[in-house]
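Chains as they are written, first to last, in my numbering: chain A, 12 to 126; chain B, 39 to 151. Beta carbons are placed, not taken as given, at the ideal position from N, Cα and C, and that holds for glycine. No experiment lies behind these values; they were computed from the predicted model shown.
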């Protein structure tokens, strides 16, 4: 079974631009979560999508948004990029959440650099 | 808000020494998970603990969940160079059917051969 894939793997943008990152979950996984990882802040939860609906949202400004399609693929968008948005953006998928094991399968991430 | 703190932030050990990382939550958790991230890699799931006081072992790794379900630990016996990486705990609270996953700050382990 193929793992979680993320595109692009690397991205360089300038301040003020916008960016869209894509994530394809493991086949059969309906939950997709996004995380921002930086050396100083660790893994910060952005949002979770399940069946095309945002179910959870972290403490990030409205410039960060996402969506999920009917095939469970997800995209996240960051508008008006700031230098501080430079980070590794990780996508994780999991099976239909239920009480019990909710193992997150992470993709390789997209390394975003904002100049 | 929900916070999960992890200590230490960094740990350097000689190969063969033991290693422990501790995770503390500001609120009671439903479950706790542990992940390992190798340098340059992405987090990989290790285990999930559910019950109060639960202890699970995976070869040289021992995971514990506190009685109050607010803290957890990961202990590695006789570290090897393959143990290098950052270990994250992730606390889970169940709210409204959604899974709220809060990652700890991570402990970066360096093993000196």
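- Assignment of residue 53 of chain A by DSSP, reduced to helix, strand and coil, places it in the strand class.
- In the three-state scheme derived from DSSP, where H, G and I count as helix and E and B as strand, residue 91 of chain A is classed as coil.
- Residue 26 of chain A has its alpha-carbon roughly 5 Å from the corresponding atom of residue 92 of chain A.
- Residue 109 of chain B does not reach chain A, its nearest Cβ partner there being about 18 Å away, counting only Cβ pairs nearer than 8 Å.
- When DSSP reads this structure, residue 142 of chain B sits in no beta bridge, so it has no partner.
- Contacts with chain B at 8 Å (Cβ-Cβ) do not include residue 47 of chain A.
- Apart from the 5 residues on each side of it in sequence, residue 143 of chain B sits with its Cβ closer than 6 Å to the Cβ of 44 in its chain, given in chain order.
- Interface flag for residue 41 of chain B against chain A is unset, since no Cβ pair is found closer than 8 Å.
- When only Cα atoms are considered, residue 151 of chain B and residue 54 of chain B end up about 9 Å apart.
- In chain order, 44, 103 and 105 place their CB closer than 7 Å to the CB of residue 115 of chain A, counting only its own chain and leaving out the 5 sequence neighbours on each side.
- Distances from the CA of residue 55 of chain A to each of B:140, B:148, B:113 and B:111 were compared; the closest alpha carbon is that of B:140.
- Taking the Cα positions, residue 81 of chain A is about 7 Å away from residue 62 of chain A.
- DSSP links residue 68 of chain A through a beta bridge to A:58.
- The criterion of a C-beta distance shorter than 8 Å is satisfied by residue 58 of chain A and residue 69 of chain A.
- In this structure, the straight-line span from the alpha carbon of residue 34 of chain A to that of residue 149 of chain B is close to 33 Å.
- Where residue 77 of chain A is concerned, the enclosing beta strand (DSSP E) starts and stops at 75-79.
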